[in-house]
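In our numbering, the protein residues as written are 102 to 689. C-beta atoms are modelled at their ideal positions from N, C-alpha and C, and glycine is treated no differently. Remember, it's a predicted structure, so these values are computed and weren't measured experimentally.
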């Protein structure tokens, strides 16, 4: 065993002379320097103190509401694939959210006209695994339903991320949050739950045909499974194909999907989307004496579509389909469904939105009233309902203004992140909103430090006041107009050498181009603005809040359109900060 010995340490006498010599070579920072460093750190974290979004669509100017009317779409902007359920006098509606975080926005109404957003179904990382998801991956086609037998709400969906696939979450009260996901053991997409009046439960969903039986591209089937409510799982071996191809397989219908099962007068009705979610979209319906079929198509399908109408019709609504039905407060049926409102260049920048129409179910089959005619701009409210949209916390509709000074205790629910929680990069307080920049830029398939608001009009302006002083070329903050990581505009402030610059960059199909740059004076708060008239976008700025100057001229909004960029989302307007800037301004 080795003997322990004490080591002798070197010792220096510390006296006044030594301290004078030490601080001569290593001076202690002054209070001013400490304050300066802290100020630089704060200034390089952008502060947003005001945001104003204003819709300016001509259709609403030309079609003002009477006291007994309301506008459709009821949810403007990227709120696709609506599903609705009812418990008593309470209606709940959900939408697809793809890679948005939080996911699956949920809305509440007592009358189908006045809606409030009450939160998101998937609002924490344990429920939503979209960190590495592309913009059109993540959450597809959620279905919300209420089971009166166990007084439980269910939301079932497909999550194309995190290795999850089909999943279900549930709650006794949508205002109090939802469970973690329960993974379901079946393939395909667009699952929906149905609770029969005898207490039995079923899942219907889209799937591929059996191996070797696919007859053409887009050939799909609708399957049904028995569902075990105790285990929250399908019952193995209980599956059955109840629709093969669509209404008439001899005509090679494509993408039968989005199924919902209903029971009325002792019979079972299956309603599905057919034709794909683009310009051939439609809604079709079948009937059976048994939930497992055989199902017979209605003699007059589709019951909802805009595909056969003239392309140049006024106030065009297109792509109508993916519907869900509910009984309204007046005893009449109504249907929510997705549609788009293309601009004058036939671009789809507002994405797929949530529309509503009354449904005539006086005969054997439900039929959307006016669903095969050009879509109306406004509808009559159900009997006894008063339109209160935009008041008392109800979401606005038509042309409206949304203001936010970011001084509330909580963030408005209309603000979302992409691929990760907003709480990871935002701080709101008495000053306003600060965004802590990530070392990630808009071109990457990662969570970005960006707070997004949906574009909800063809004609609009969005203005934000920002205080920001970048300290390097890698730092940038400002506005982004985003369709996806490979299609977007970035408009913001960065630095090159000792000069601050305002830059505008366009990225199309992953290829970036500097549109314009301009040196600016540092240290001043700036207002950044994006405005659009249909396909024509402008990016403007002002230091006095009044005299806006344009940067880059008028640019095309084509890259912000769903049909150009591809995928399923609409354009987003983001408050953006990054420490991985790749935009280099042109020096004078």
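Residue span of the beta strand (DSSP E) that contains residue i, given as start and end
i	result
residue 419	419 to 428
residue 195	191 to 195
residue 302	302 to 308
residue 242	239 to 248
residue 517	Unbroken run through residue 517: none, as it is neither H nor E.
residue 582	577 to 585
residue 462	Note, residue 462: premise wrong, no beta strand (DSSP E); not H, not E.
residue 148	148 to 156
residue 292	290 to 296
residue 210	204 to 210
residue 97	No answer is possible for residue 97: it lies beyond the span of the chain, which begins at 102 and ends at 689.
residue 568	560 to 568
Whole-angstrom distance between residue j and residue i, CA atom to CA atom
i	j	result
residue 265	residue 333	15 Å
residue 135	residue 181	For residue 135, the pLDDT reaches just 37, beneath the cut-off of 50, and the residue's location in the model is therefore unreliable, although a value from the coordinates is still provided. Each residue's alpha carbon lies about 51 Å from the other.
residue 651	residue 642	6 Å
residue 579	residue 307	42 Å
residue 126	residue 145	Caution is warranted here: a pLDDT of 45 is assigned to residue 126, below 50, making its placement in the model unreliable, and the coordinate value is therefore given only provisionally. About 30 Å.
residue 552	residue 632	18 Å
residue 231	residue 263	7 Å
residue 241	residue 377	14 Å
residue 156	residue 501	5 Å
residue 357	residue 319	8 Å
residue 684	residue 541	13 Å
residue 531	residue 510	9 Å
residue 188	residue 629	45 Å
residue 210	residue 494	12 Å
residue 331	residue 207	25 Å
residue 563	residue 391	52 Å
residue 508	residue 687	37 Å
residue 372	residue 621	58 Å
residue 561	residue 448	15 Å
residue 170	residue 484	11 Å
Beta-carbon proximity of residue i to residue j, cut-off 9 Å
i	j	result
residue 434	residue 461	yes
residue 151	residue 506	yes
residue 441	residue 478	no
residue 574	residue 597	yes
residue 303	residue 326	yes
residue 429	residue 191	no
residue 235	residue 222	no
residue 587	residue 648	no
residue 439	residue 454	yes
residue 177	residue 535	no
residue 321	residue 393	no
residue 350	residue 381	no
residue 490	residue 179	no
residue 682	residue 614	no
residue 147	residue 676	yes
residue 305	residue 324	yes
Nearest candidate by alpha-carbon position, reference residue i, set the options
i	options	result
residue 402	385, 499, 214, 156	385
residue 699	350, 360, 297, 355	Residue 699 cannot be examined here, being either before or after the span of the chain that is shown, 102 to 689.
residue 281	253, 397, 634, 229	229
residue 446	612, 338, 662, 398	662
residue 424	451, 632, 184	184
residue 366	358, 388, 380, 601	388
residue 606	589, 600, 620, 537	589
residue 608	635, 656, 497	656
residue 653	594, 623, 619, 612	619
residue 635	397, 443, 468, 167	443
residue 678	422, 581, 685, 217	581
residue 311	289, 397, 432, 301	289
residue 399	407, 381, 411, 369	369
residue 237	452, 171, 604	452
residue 338	316, 323, 349, 287	287
residue 284	680, 309, 169, 335	335
residue 525	537, 515, 516, 533	537
residue 271	301, 248, 527, 668	248
residue 644	364, 513, 603, 667	603
residue 456	498, 432, 466	498
residue 584	566, 450, 492	450
residue 343	239, 353, 674, 362	362
residue 410	313, 474, 309, 379	474
residue 50	395, 396, 407	Examination of residue 50 is not possible in this model, given that the chain is present from 102 through 689 alone.
N- and C-terminal bounds of the alpha helix (DSSP H) containing residue i
i	result
residue 161	159 to 163
residue 665	663 to 666
Heavy atom of the ligand HEM within 8 Å of residue i beta-carbon
i	result
residue 359	The model on display carries no ligand, and the ligand HEM is accordingly not part of it.
Quiz item: Three or more beta-carbon pairs under 8 Å between the stretch 186 to 205 and the stretch 152 to 165, yes or no?
Solution: With the cut-off at 8 Å, the stretch 186 to 205 and the stretch 152 to 165 do not touch.
Self-check item: Cβ pair count under 8 Å reaching 3, the stretch 517 to 528 against the stretch 541 to 554
Solution: Contact between the stretch 517 to 528 and the stretch 541 to 554 is present, because at least three Cβ pairs lie under 8 Å.
Quiz item: Three or more beta-carbon pairs under 8 Å between the stretch 241 to 255 and the stretch 283 to 298, yes or no?
Solution: yes
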